[in-house]
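Undergrad:
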Amino acid sequence: MLTAFLAPILIASDAGPLDGALRATEAPKTLRAAFVVRLESDNAHRTYAFDPRLRPRDRWQLLEETGESDELDEVGAAWGAEVAPDSRLFPDDLRASLSQTVQAEDFGSAWRVNFNHRPSLNDGELDVWATERFRATAWLDPISDRFLRIDHELPRPTTGPGGVRLVRYSQSHFLESDPQFGLSFVSGIQVDIEARAAFRIVSRRYEARIDEVEFFFASAADAEAFVASRGETHQ
18 MLTAFLAPIL IASDAGPLDG ALRATEAPKT LRAAFVVRLE SDNAHRTYAF DPRLRPRDRW
78 QLLEETGESD ELDEVGAAWG AEVAPDSRLF PDDLRASLSQ TVQAEDFGSA WRVNFNHRPS
138 LNDGELDVWA TERFRATAWL DPISDRFLRI DHELPRPTTG PGGVRLVRYS QSHFLESDPQ
198 FGLSFVSGIQ VDIEARAAFR IVSRRYEARI DEVEFFFASA ADAEAFVASR GETHQ
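In structure tokens, the structure reads:
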């Protein structure tokens with residue numbers, strides 16, 4: 018019974034639950050987010066707030082910190098230095114990454130969709146290298162037509178560009194649905210990476226949790242255009 022229950026099925030990416038889940042990740046460029054994120058490692062945490070409506074120097078702020086962690090300091094500084102830190106909340110190019118038909122396993126409450134990322138137009142050399150080696154899995158709720166989680170994992174150690182030996186790579190994105198606009202957003206991230214190069218070991222192991230988030234459009238007209246395009250009534 019279990020073998021039959023988990024028998025793989027083929028589903029199209031442009032129809033049904035998978036298409037609905039992909040549509041929910043396709044946020045327009047005019048959508049922005051203000052949020053609070055908590056970064057945690059084994060013995061430290063950092064809490065940051067971001068709001069693109071503030072002056073540039075005030076947009077990324079450290080609210081709270083406990084413990085010492087160069088790793089979390091580096092992660093927080095790199096995130097805050099990005100042109101649009103809120104872009105990390107929006108899944109990137111998922112539809113372009115999937116083939117027209119993918120294989121899924123039905124676990125009852127969720128489908129497990131296995132796929133290999135296909136390089137998109139904005140992927141660089143390192144991205145293309147990674148897509149050829151990482152294993153990707155998406156967990157899909159077929160009732161709500163929404164993704165629950167997306168995992169990327171390195172099946173085995175490998176040597177990357179520049180001679181860097183990637184020993185371990187695991188990254189998971191947890192998704193929730195925004196009730197106002199019906200879009201999926203990243204509400205949590207787990208990272209576990211170890212790389213070795215030139216007698217140096219680089220290790221990153223931390224979690225990021227979005228505690229508060231507010232979505233808004235660049236203008237009222239942009240919000241109305243988005244709601245109209247989705248055929249929904251904006252409350």
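Throughout, the working numbering is defined as the position within the sequence shown, counted from one, plus 17.
The C-beta atom is built at its ideal place from N, Cα and C for all residues, glycine as well.
1. Could you pull out every residue in the same chain whose Cβ sits closer than 6 angstroms to the Cβ of Glu82, ignoring the five residues on either side in sequence?
2. Could you give the uninterrupted runs of the beta strand (DSSP E) lying entirely in the region 23–56, keeping only those of 3 residues or more?
3. Less than 7 angstroms separating the Cβ of Asp75 from some heavy atom of the ligand COA?
4. Secondary structure at Leu80, three-state DSSP: helix, strand or coil?
5. Give the range of the beta strand (DSSP E) segment to which Phe67 is assigned.
6. Do you know whose CA, among Glu224, Gln120, Pro25, lies nearest Val203's CA?
7. Quick one: Cα of Asp162 to Cα of Phe216, how far?
8. Can you give me the start and stop residues for the alpha helix (DSSP H) that Phe243 sits inside?
9. Taking Cβ positions, are Glu122 and Pro34 nearer each other than 8 angstroms?
TA: In short, the structure shows the following:
1. Excluding residues up to 5 positions away in sequence, Arg63 lie with their Cβ nearer than 6 angstroms to the Cβ of Glu82 in the same chain.
2. Within the region 23–56, the complete beta strand (DSSP E) runs of at least 3 residues fall at 26–29.
3. For the ligand COA, the structure offers nothing, since it holds no ligand at all.
4. Look at Leu80 here: in three-state DSSP terms it is strand.
5. Note, Phe67: beta strand (DSSP E), 62–67.
6. Of the candidates Glu224, Gln120, Pro25, the one whose C-alpha sits nearest the C-alpha of Val203 is Glu224.
7. Per the coordinates, the alpha-carbon of Asp162 lies some 47 angstroms from the alpha-carbon of Phe216.
8. Start and end: 237–247.
9. No, these two residues do not count as a Cβ contact at 8 angstroms.
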